[in-house]
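Novice: In this note's numbering, the protein residues as written are 7 to 514.
Positions of the beta carbon are idealized from the N, C-alpha and C atoms, including for glycine.
Structure provided below as structure tokens; questions to follow.
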Ligand code: NAD
């Protein structure tokens with residue numbers, strides 16, 4: 007074991023120690039509460055060790071959290087924007103101060119590699135700073151005057167919101183929802199994913215240590231079909247911000263329908279990266295490898311389908327296969343690791359099941375396909391080989407379904423029209439990446455792709471004011487910049503007569 011890994015492990019042990027004593031409960035109205043529901047285990051993907059026991063919130067506990075958020079709403083919405091800005095910056099400071107602890111926990115809880123998670127924790131702080139600075143102007147609207155009336159719009163917070171998050175980069179994704187909600191003046195009940203609940207506990211602590219008033223942010227732990235479902239049904243909750251699978255997104259819409267909840271859904275993807283023969287192929291290769299094998303491929307915006315022009319297919323795929331073979335699978339806390347273990351045994355089984363599916367469909371397993379084993383890997387860990395499927399056709403399951411692992415499917419195409427047709431021939435529409443040296447083609451293809459976000463000659467590089475979200479089965483709504491406030495706030499129009507228009511007179 008390298009010296010850097012053993013010192014990382016020692017620090018991780020310290021961060022984890024506090025979670026072993028009592029089952030993890032909930033955090034409601036400004037304080038931790040022990041859970042009364044069933045207890046489930048949270049095990050590490052690294053070696054299967056028990057990290058924490060966690061309580062599944064009962065219906066009554068979820069209701070208490072929703073009511074706490076409702077009680078706190080009147081006070082929080084009245085806090086001036088400048089004061090919300092100050093508080094949210096304090097939260098960002100506190101996240102930065104504990105970024106290492108957050109990243110250590112996330113590596114052990116999710117299996118994601120340190121090289122990515124250390125940045126993700128800091129991205130969480132950035133999310134708070136970004137929305138902090140927008141808090142004072144969040145209410146601003148338009149002036150829409152006529153000859154007879156002054157019309158102006160204002161935005162007002164929608165009310166208590168539910169935030170339901172997945173396990174792939176849990177801390178960063180939670181801040182991506184909670185920061186704009188708080189900046190807008192909403193109160194929050196957060197339910198983190200049952201497979202990675204630890205960093206959400208740090209976040210709720212940080213929020214309160216920074217001075218957030220009691221009840222403004224609440225946390226309930228638990229399973230999706232129990233605690234999550236109940237949360238989306240609470241009448242006090244006005245909107246649900248959800249990140250997760252497309253199927254769950256549909257359930258959340260249905261569960262919220264009787265109480266007419268606004269929903270914002272960030273769902274799955276099967277994103278194409280299209281490489282034309284006139285592209286800078288060295289840069290394209292780097293991006294193709296990065297965008298599916300970073301974060302274990304457990305990333306909604308991963309480019310899990312490589313569409314490569316037939317004229318360069320063989321040479322490009324040969325270079326790609328070589329890079330995939332050399333990826334370093336290892337302990338997530340090892341700074342050298344590029345691919346860590348998958349989050350849960352059930353997810354591991356799902357990802358591995360695609361090897362047999364690929365073979366049965368007639369694709370070739372060019373690299374990987376199975377479990378990764380070896381002397382350098384901890385026993386009992388859920389490690390997989392970075393995998394490359396070639397010889398695939400667009401209708402195969404490996405080209406249609408979100409596998410959500412370090413697994414790439416290669417599809418050849420002939421020309422621009424062929425590339426667009428294959429790229430759009432999936433139920434998802436989150437992101438699209440394209441590589442070409444022809445500016446006209448870049449724009450033609452970008453406009454033709456059915457996806458909410460397109461990157462041209464780039465990997466996923468985020469700019470927080472830009473809209474983030476998907477089309478088709480990839481979601482409803484956009485986050486980022488002002489788009490987030492459109493979700494967390496109501497737009498109200500006020501019409502003020504100048505006193506000169508004729509009021510219709512009835513019954514005169
Ligand atoms: P999931 O849908 O299984 O679970 C997500 C969250 O929903 C968890 O907290 C879970 O407990 C909860 N949940 C499950 N059933 C529920 C129900 N009936 N009612 C209320 N809550 C319920 O997703 P996952 O496996 O945790 O995450 C992986 C998925 O998330 C992938 O499909 C990935 O593409 C997607 N994702 C999307 C984005 C995006 O921005 N579009 C970002 C990250 C992940």
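Does residue 309 pass the burial test, meaning 16 or more other C-beta atoms within 10 Å, or should it be called exposed?
Specialist: Walking along the chain shown from the start, residue 309 turns up at place 303. It counts as buried.
Novice: Shortest alpha-carbon distance to residue 205 belongs to which of 227, 7, 363, 166?
Specialist: By one-based count along the chain shown, residue 205 stands at place 199. Taking only the C-alpha atoms, the option nearest residue 205 is 227.
Novice: Roughly how many whole angstroms lie between the Cα atoms of residue 9 and residue 53?
Specialist: As a working note, residue 9 is residue 3 in the chain shown. As a working note, residue 53 is residue 47 in the chain shown. Note on geometry: alpha-carbon atoms of residue 9 and residue 53 lie some 19 Å from one another.
Novice: In whole angstroms, what separates the C-alpha of residue 347 from that of residue 85?
Specialist: For this step, residue 347 is matched to residue 341 along the chain shown. For this step, residue 85 is matched to residue 79 along the chain shown. Taking the straight line joining both Cα atoms gives about 44 Å.
Novice: For the structure I just gave you, are there three or more beta carbon pairs, one from the stretch 208-225 and one from the stretch 45-60, closer than 8 Å?
Specialist: no
Novice: Would you report the Cα separation of residue 455 and residue 316, rounded to the nearest angstrom?
Specialist: Your numbering for residue 455 matches position 449 in the chain shown. Your numbering for residue 316 matches position 310 in the chain shown. Rounded to the nearest angstrom, the two C-alpha atoms are 20 Å apart.
Novice: Do you know how far the Cα of residue 330 is from the Cα of residue 395?
Specialist: Working through the chain shown from its first residue, we reach residue 395 at position 389. Working through the chain shown from its first residue, we reach residue 330 at position 324. Those two C-alpha atoms are separated by around 11 Å.
Novice: Quick test of your reading: residue 274 and residue 465, contact by CB under 8 Å. State the CB separation rounded to the nearest angstrom.
Specialist: Mapped onto the chain shown, residue 274 falls at position 268. Mapped onto the chain shown, residue 465 falls at position 459. With a Cβ gap of about 19 Å, residue 274 and residue 465 do not count as contacting.
Novice: Might you give, ordered along the chain, the residues of its own chain that have their beta carbon closer than 6 Å to the beta carbon of residue 133, omitting 5 neighbours on each side?
Specialist: As a first step, residue 133 must be located in the chain shown, where it is residue number 127. 181, 182, 185, listed in sequence order.
Novice: Over what stretch of residues does the alpha helix (DSSP H) that includes residue 491 continue unbroken?
Specialist: In the chain shown, the residue the question calls residue 491 occupies position 485. Start and end: 487-494.
Novice: I want to know whether the stretch 108-124 touches the stretch 331-343 - three or more CB-CB distances under 8 Å.
Specialist: yes
Novice: Residue 113: beta carbon under 7 Å from a heavy atom of ligand 1?
Specialist: Here the question's residue 113 lines up with position 107 in the chain shown. Flag unset: Cβ of residue 113 not near ligand 1.
Novice: Looking at the C-beta of residue 84, does it have a partner C-beta in chain D at a distance below 8 Å?
Specialist: No chain D is part of this structure, which consists of one protein chain only.
Novice: Sorted by chain position, which residues of the same chain lie with C-beta nearer than 7 Å to residue 300's C-beta, five sequence neighbours on each side aside?
Specialist: Working through the chain shown from its first residue, we reach residue 300 at position 294. 122, listed in sequence order.
Novice: Mark residue 276 as exposed unless 16 or more other C-beta atoms lie within 10 angstroms of its C-beta, in which case mark it buried.
Specialist: The residue labelled residue 276 in the question sits at position 270 within the chain shown. With 16 or more other Cβ atoms within 10 Å, it is buried.
Novice: Name the one or two DSSP bridge partners that residue 59 has.
Specialist: Counted from its first residue, the chain shown places residue 59 at position 53. BP columns for residue 59 point to 47.
Novice: Are the beta-carbon atoms belonging to residue 212 and residue 100 less than 8 Å from one another?
Specialist: As a first step, residue 212 is located in the chain shown; it is residue number 206 there, counting from the start. As a first step, residue 100 is located in the chain shown; it is residue number 94 there, counting from the start. Result yes, Cβ atoms of residue 212 and residue 100 sit closer than 8 Å.
Novice: Comparing C-alpha positions only, which one of 422, 383, 432 sits nearest to residue 402?
Specialist: If you number the chain shown from 1, residue 402 lands on position 396. Nearest option by C-alpha distance: 432.
Novice: Return the chain-ordered ranges of every beta strand (DSSP E) run that is complete within the stretch 220-293 and spans a minimum of 3 residues.
Specialist: 223-225, 245-249, 268-272, 278-281
Novice: Could you tell me which residues DSSP puts in a beta bridge with residue 415?
Specialist: Here residue 415 refers to the residue found at position 409 of the chain shown. For residue 415, DSSP records a beta bridge to 311, 395.
Novice: Going by the C-beta, is residue 274 closer than 7 Å to any heavy atom of ligand 1?
Specialist: Taking the first residue of the chain shown as position 1, residue 274 is located at position 268. Yes - ligand 1 has a heavy atom lying nearer than 7 Å to the Cβ of residue 274.
Novice: With three or more C-beta pairs closer than 8 Å as the rule, is the stretch 375-389 touching the stretch 414-422?
Specialist: no
Novice: Assuming residue 390 and residue 354 are in contact, meaning their beta carbons sit under 8 Å apart, how far apart are those beta carbons, in whole angstroms?
Specialist: Within the chain shown, numbered from 1, the residue matching residue 390 stands at position 384. Within the chain shown, numbered from 1, the residue matching residue 354 stands at position 348. Cβ atoms of residue 390 and residue 354 come within 8 Å of each other, at about 7 Å.
Novice: Run the CB neighbour count on residue 264, radius 10 Å, all protein chains shown included, and call it buried at 16 or more, exposed below.
Specialist: Within the chain shown, the letter at position 258 stands for residue 264. Exposed, because fewer than 16 other Cβ atoms sit within 10 Å of the Cβ of residue 264.
Novice: Which same chain residues end up closer than 6 Å to residue 489 when comparing Cβ atoms and leaving out the 5 residues on each side of it in sequence?
Specialist: Position 483 of the chain shown, counted from the start, is the residue given in the question as residue 489. Cβ neighbours of residue 489 within its own chain (closer than 6 Å, five residues either side excluded): 473.
Novice: Taking 8 Å as the cut-off, decide whether the C-beta atoms of residue 288 and residue 443 are in contact.
Specialist: Along the chain shown, read from residue 1 onward, the residue named residue 288 stands at position 282. Along the chain shown, read from residue 1 onward, the residue named residue 443 stands at position 437. Cβ atoms of residue 288 and residue 443: not closer than 8 Å.
Novice: The alpha helix (DSSP H) that contains residue 507, what's its start and end?
Specialist: Working through the chain shown from its first residue, we reach residue 507 at position 501. Segment: none, residue 507 is in no alpha helix (DSSP H) and carries neither H nor E.
Novice: My output table needs one value for residue 162: the three-state DSSP class, helix, strand or coil.
Specialist: As a first step, residue 162 is located in the chain shown; it is residue number 156 there, counting from the start. Three-state DSSP puts residue 162 in a strand.
Novice: Does DSSP put residue 125 in a helix, a strand or coil?
Specialist: Here residue 125 is taken as the residue at index 119 of the chain shown, counted from 1. Three-state DSSP puts residue 125 in a helix.
Novice: Below 8 Å between beta carbons: does that hold for residue 440 and residue 467?
Specialist: Here residue 440 corresponds to residue number 434 of the chain shown, with the count starting at 1. Here residue 467 corresponds to residue number 461 of the chain shown, with the count starting at 1. Cβ atoms of residue 440 and residue 467: not closer than 8 Å.
Novice: Assign residue 368 to one of two classes, buried (16 or more other C-beta atoms within 10 Å of its C-beta) or exposed (fewer than that).
Specialist: Stepping through the chain shown from its first residue, residue 368 is reached at position 362. Exposed.
Novice: On the CB-based measure, 16 or more other CB atoms within 10 Å of its CB, does residue 152 come out buried or exposed?
Specialist: Taking the first residue of the chain shown as 1, we reach residue 152 at position 146. Per the 10 Å Cβ criterion, exposed.
Novice: Determine the extent of the alpha helix (DSSP H) in which residue 356 is found, giving its start and end residues.
Specialist: Here residue 356 refers to the residue found at position 350 of the chain shown. 351-367 is the extent of the alpha helix (DSSP H) around residue 356.
Novice: Comparing C-alpha positions only, which one of 255, 194, 312 sits nearest to residue 70?
Specialist: Taking the first residue of the chain shown as 1, we reach residue 70 at position 64. Among 255, 194, 312, the Cα nearest to that of residue 70 is on 194.
Novice: Taking residue 425 as the reference, give the member of 94, 311, 95, 511 with the closest Cα.
Specialist: In the chain shown, the residue the question calls residue 425 occupies position 419. Nearest C-alpha to residue 425: 311.
Novice: What does residue 441 pair with, by DSSP beta-bridge criteria?
Specialist: By 1-based counting over the chain shown, the position of residue 441 is 435. Residue 441 is bridged to 281.
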